[in-house]
Each structure stands twice: as structure tokens, then as C-alpha cells.
Amino acid sequence: MSKQTKKSKLKFHLLVFGSCEATMAYTS
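Per full-length UniProt numbering, the very first residue in the sequence shown carries number 1; after that it's consecutive.
This is the structure we're talking about:
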């Protein structure tokens, strides 16, 4: 369970970071 949660959290983090990067690139 611990491993699954970590993986899920990492995936979420990557998704947020990716969208953040996209927004930055789009606005600049």
C-alpha cells in the first residue's frame, strides 16, 4: 500500500508540474 501511494503521489506531482510548465510556456 505504501508503495502504491508513493507512486500515485509521484504521478500526481508530475501531472501538476507538467501543467505548470505548460502554462508558463504558454504565457511567456
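No residue lacks a Cβ here, since even glycine has one placed at the ideal position from N, Cα and C.
Start-to-end residues for the alpha helix (DSSP H) that takes in residue i
{"i": "Ser8", "result": "Ser2 to Thr27"}
Residue i versus residue j: straight-line alpha-carbon distance, rounded
{"i": "Tyr26", "j": "Lys7", "result": "28 Å"}
{"i": "His13", "j": "Glu21", "result": "12 Å"}
{"i": "Ser2", "j": "Lys9", "result": "11 Å"}
Own chain, CB closer than 6 Å to residue i, minus 5 neighbours either side, in chain order
{"i": "Thr5", "result": "none"}
Own chain, CB closer than 8 Å to residue i, minus 5 neighbours either side, in chain order
{"i": "Phe17", "result": "none"}
Sequence-distant residues of the same chain with beta carbon closer than 7 Å to residue i, five excluded per side
{"i": "Thr23", "result": "none"}
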